[in-house]
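Colleague: Mind having a look at this structure? Questions to follow.
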DNA sequence: GCTATATGGTGCGATATCGAACTTTACCGG
DNA sequence: CCGGTAAAGTTCGATATCGCACCATATAGC
């Protein structure tokens, strides 16, 4: 019986990095000037999980340093896509709210992506894609749970 | 019979982005100060495919703008991990060579990652991971082939 | 050959990322 | 209450990313 082969992780991470790069390029090509992938990720997160999240919650969700989140939120606020208001339950923190414009902007971007995704969906075996999704989700959760394996970033 | 559902792409890209973030954090935690993931990607690429590649080849391989590649290579050169010499076959271009230190540095990083990957490999179902690898590779190649779907970045 | 155009690479400016340090508020033990 | 520590958020400085413009060389059409 052979020991587990960690090389598989290495190779998977390699593929994932390239796919991330390519998919991000597709997304950003459909986003308005001045907005990039992290901005969309925030709009999307707030729409799906509900707004009123705190910045630190979102930094943890995306596994980015909290300073990066501050910067991203500042950009969204500048474009009037979100509002940041004090958190009445905790004087240290804030809560992030989508503006109408923010909700609309997300919808517009998703609509703009429609043809691209349809193009891809027509040409790729969607069964196989559906098949790997649960494993990717499992892997994401697993890595997330074990992220303290390495020195924690400043997201805490 | 239903039409293909492009939403799957959306969800997969979302998972991939988070996994990329988490795996990059693991990698960079094991890299020496001043070096980050793209530096390692280049060292790795040159080791596996052989050195003597041109910068533009590598920019295309990683799907990054050529100016980003210039910057990354400059960093590697500064640390004496690569040499860049003129390309005798094309006066416009250069070729990138690994130094001994460069080869060693890659080996050191991989060795440092060993325990982390082993830790993960012991706790995750490697069969399932192996199972999704071919699909990820297929997806990567597919997206790469269709990258001109969107306005090309300055990698050409 | 000569001109036009394409290609490889770099410089530069704008923005993004991120770690360290700091401020403010919360919480905990006494 | 009060001091000590922890947590949320921002500021700041260093580096990364990337589009645009540019230079040098190559290639194609004539």
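Residue numbers (the working numbering), protein chains in the order written: chain A, 305 to 460; chain B, 305 to 460. Glycine included, every Cβ here is placed at the ideal spot set by N, Cα and C.
1. Does chain A have any CB closer than 7 Å to the CB of residue 447(B)?
2. At which residues does the alpha helix (DSSP H) containing residue 316(A) begin and terminate?
3. Thinking C-alpha only, which one of 398(A), 423(A), 412(A) and 451(A) is nearest residue 420(B)?
4. Got a sec, what are the start and stop residues for the beta strand (DSSP E) residue 391(B) sits in?
5. Going by the DSSP bridge assignment, what does residue 402(B) pair with across the sheet?
6. Using a C-beta cutoff of 7 Å, does residue 319(B) count as contacting chain A?
7. Give, in chain order, every unbroken run of the alpha helix (DSSP H) that is at least 4 residues long and sits entirely within the segment 350-387 of chain B.
8. Consult DSSP for residue 460(A) and reduce its assignment to one of helix, strand or coil.
9. Starting from residue 435(A), trace the alpha helix (DSSP H) in both directions and tell me its first and last residue.
10. Do we get a CB-CB distance below 7 Å when we pair residue 313(A) with the residues of chain B?
11. Which partner residues of residue 394(B) appear in the DSSP bridge assignment?
12. Under 8 Å between beta-carbons, which chain B residues line up against residue 437(A)? List them in chain order, please.
13. Anything in chain A within Cβ reach of residue 326(B), meaning under 8 Å, just list it in chain order.
14. Please list, in chain order, the chain A residues whose beta carbon lies closer than 9 Å to that of residue 418(B).
15. Run down chain B in chain order and give the residues with a C-beta less than 7 Å from the C-beta of residue 344(A).
16. Taking a Cβ distance cut-off of 7 Å, strictly less, list which residues of the segment 370-385 of chain A are near chain B, in chain order.
17. DSSP three-state label for residue 417(A), please.
18. Taking CB distances under 7 Å as the criterion, tell me whether residue 440(A) reaches chain B.
19. Taking only three categories from DSSP, how would you classify residue 342(B)?
20. To the nearest angstrom, how far is the alpha carbon of residue 447(B) from that of residue 330(A)?
21. Beta-carbon of residue 411(B) versus every beta-carbon of chain A: anything under 7 Å?
22. Return helix, strand or coil for residue 337(B), following the three-state DSSP convention.
23. Take every Cβ of the segment 384-392 of chain B, pair it with every Cβ of the segment 360-371 of chain B, and state whether three or more of those distances are shorter than 8 Å.
24. In the structure shown, what three-state DSSP assignment does residue 452(B) receive?
25. Going along the chain, which residues of the segment 347-365 of chain A sit with their C-beta nearer than 9 Å to a C-beta in chain B?
Modeller: Inspection of the coordinates gives the following:
1. Locating residue 447(B) in the second chain gives position 143, where the first residue counts as 1. At least one chain A Cβ lies under 7 Å of residue 447(B).
2. On the first chain, residue 316(A) is found 12 positions in, with the first residue counted as 1. Element bounds for residue 316(A): 311-333.
3. Stepping through the second chain from its first residue, residue 420(B) is reached at position 116. Comparing Cα-Cα distances from residue 420(B) to each of 398(A), 423(A), 412(A) and 451(A), the minimum goes to 451(A).
4. Within the second chain, residue 391(B) is the residue found at index 87, counting from 1. Residue 391(B) -> beta strand (DSSP E) spans 386-391.
5. Locating residue 402(B) in the second chain gives position 98, counting from the first residue. 386(B).
6. If you number the second chain from 1, residue 319(B) lands on position 15. Cβ-Cβ to chain A under 7 Å: yes for residue 319(B).
7. 359-366 and 370-382
8. As a position in the first chain, residue 460(A) is number 156, starting the count at 1. In this prediction, residue 460(A) scores a pLDDT of 47, lower than 50, which makes its location untrustworthy; the coordinate-derived value is nonetheless stated afterwards. Here residue 460(A) sits in coil by DSSP.
9. Against the first chain, residue 435(A) aligns to sequence position 131. Taken as a continuous stretch (DSSP letters only), the alpha helix (DSSP H) holding residue 435(A) covers 430-449.
10. As a first step, residue 313(A) must be located in the first chain, where it is residue number 9. Chain B, which has a Cβ nearer than 7 Å to the Cβ of residue 313(A), makes this yes.
11. Taking the first residue of the second chain as 1, we reach residue 394(B) at position 90. 391(B), per the DSSP bridge assignment.
12. Here residue 437(A) refers to the residue found at position 133 when the first chain is read from its first residue. Within 8 Å Cβ-Cβ: 312, 315, 316 and 319.
13. Mapped onto the second chain, residue 326(B) falls at position 22. The contacting residues are 367, 444, 447, 448 and 451.
14. Taking the first residue of the second chain as position 1, residue 418(B) is located at position 114. Those are 310, listed as they occur along chain A.
15. On the first chain, position 40 is the one that residue 344(A) refers to. Identification of chain B residues near residue 344(A) by a Cβ-Cβ cut-off of 7 Å yields none; the smallest Cβ-Cβ distance measures about 10 Å.
16. Of all residues in the segment 370-385 of chain A, none has a Cβ within less than 7 Å of some Cβ in chain B.
17. For the purposes of this step, residue 417(A) is identified with residue 113 of the first chain, where counting begins at 1. Here residue 417(A) sits in helix by DSSP.
18. Residue mapping note: residue 440(A) aligns to position 136 of the first chain, counting from 1. Output row for residue 440(A): interface = yes.
19. Position 38 of the second chain, counted from the first residue, corresponds to residue 342(B). DSSP places residue 342(B) in helix when its eight states are reduced to three.
20. Position 143 of the second chain, counting from 1, holds the residue named residue 447(B). Position 26 of the first chain, counting from 1, holds the residue named residue 330(A). When the Cα atoms are used, residue 447(B) and residue 330(A) turn out to be separated by approximately 10 Å.
21. Counted from its first residue, the second chain places residue 411(B) at position 107. Judged by the 7 Å Cβ criterion, residue 411(B) is not in contact with chain A.
22. As a position in the second chain, residue 337(B) is number 33, starting the count at 1. Coil at residue 337(B), not helix or strand.
23. no
24. As a position in the second chain, residue 452(B) is number 148, starting the count at 1. Here residue 452(B) sits in helix by DSSP.
25. 348 and 365
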